[in-house]
Structure formats: structure tokens, C-alpha cells
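Residue numbers (full-length UniProt numbering): 1 to 205. Let me begin by presenting the structure, written as C-alpha cells, before commenting on it.
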């Protein structure tokens with residue numbers, strides 16, 4: 001059916017007033033059409049308003065639901081980010097603590113090595129002092145022995161010089177004695193007899 005007729009029937013059904021129907025029947029056709037169009041406009045305006053209200057309400061509900069879901073997602077992300085930051089901070093603290101422990105261990109090791117080096121240095125210094133003392137003693141002994149050696153050398157030179165002079169004098173005395181002996185005629189007679197006696201002595205052995 002024509003929408004205008006449906007609206008007109010609905011209007012008559014809602015009014016339930018015979019005078020109104022009589023009034024509508026007495027109206028000219030042009031006025032009746034204008035009036036009917038006005039009724040149609042009012043009907044569709046009301047229908048559109050109600051439908052728009054329903055749609056706006058549903059959209060508000062959807063928007064509120066979407067906002068709730070978005071808030072949940074944001075809270076989850078925030079919670080995950082907090083957990084991630086907390087875990088990162090924990091790992092960072094562990095790394096720093098490990099680095100600190102390593103540094104403390106290195107300090108302890110270096111102190112131990114430093115103590116060993118100081119002990120070795122003190123021992124070496126003591127050995128150096130002992131060696132220097134022994135060197136001083138040996139130097140003094142060397143000087144003393146050198147002086148003794150020089151003294152002994154001087155004594156030997158003196159003795160050798162005196163022995164040489166004594167031997168020379170002894171040889172001179174012996175040579176002069178032999179010469180005097182040979183010049184004595186009695187000694188010559190003795191030498192003339194001596195070979196025979198020597199020969200006899202030889203045969204005795």
C-alpha cells in the first residue's frame with residue numbers, strides 16, 4: 001500500500017474520533033495531501049529519532065565496551081612493562097654485584113701478590129747487605145794478604161840477594177885456596193901419589 005495511506009489509517013486508528021474523520025473528509029484534496037504529507041514527515045521523523053537513539057545507545061555501549069577492552073589491554077601492557085623493567089633491573093643488579101665481586105677478588109689477589117713482592121724485596125735487600133758485608137771483609141783480607149805477600153816478596157828478594165853474594169864470595173875463596181894449594185910443591189907431590197891410591201880404592205869396591 002501507499003505509505004501515505006498507511007500513515008493516514010494509523011492516524012485514524014490512533015485518534016478514534018469520528019469528527020476528525022468527518023473533518024478530514026470535508027477538506028479539499030490539496031489540503032488533504034499537504035496534511036497527509038505532514039503526518040508522514042512527523043512519522044518518519046519520530047521513527048528516525050527513535051532509531052538514531054537506539055543506534056546511539058548501542059554505539060555508546062560499544063564504545064564503552066571498546067574503552068573497557070582498551071583499558072584492559074593497556075593495563076596488561078603496563079603490567080608486562082613493569083615486570084620487564086623489574087627483571088631488567090634485577091639482571092642489572094646481578095651484573096653489578098658480579099662485577100663488584102670480581103673487583104674485590106682482584107684486589108685481594110693484588111694485595112697478596114704485593115705482600116709476596118715486598119717479602120721477596122726485603123729478603124733480597126737483606127742478602128744484598130750480607131753480600132756487601134762479605135765483600136768488605138774480603139776486600140780487607142785481600143789488602144792484608146797483598147801486604148803480606150809484598151813483605152814476603154821483599155824478604156825473599158833480600159835473602160836471594162844475600163845468598164848470591166855469599167855464594168860469589170865462597171867461590172872466590174875456594175878459587176884462591178885452590179890456587180894457593182896448587183902453588184905449594186908439597187901439595188903437588190901429594191897429587192902425584194893420589195891417582196894410585198884412588199885406583200886402589202876403586203878396586204876395593
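For glycine and all other residues, C-beta sits at the position ideal for the given N, C-alpha and C.
{"query": "Taking the beta carbon of residue 203 as the centre, do at least 16 other beta carbons fall within 10 Å, making it buried, or is it exposed?", "result": "The predicted model places residue 203 with a pLDDT of 46, which falls under 50 and marks its position as unreliable; any figure quoted below should be read in that light. By the 10 Å Cβ count, residue 203 comes out exposed."}
{"query": "Any idea if residue 198 is buried or exposed, counting beta-carbon neighbours within 10 angstroms, 16 or more meaning buried?", "result": "Low confidence applies here, because residue 198 scores a pLDDT of 45, under 50, leaving its location unreliable; read the following figure in that light. Result: exposed."}
{"query": "Rounding to the nearest angstrom, what Cα-Cα distance links residue 108 and residue 99 in this structure?", "result": "14 Å"}
{"query": "Note down the Cα distance separating residue 79 from residue 86, rounded to an integer number of angstroms.", "result": "10 Å"}
{"query": "In whole angstroms, give me the CA-to-CA distance for residue 110 and residue 73.", "result": "55 Å"}
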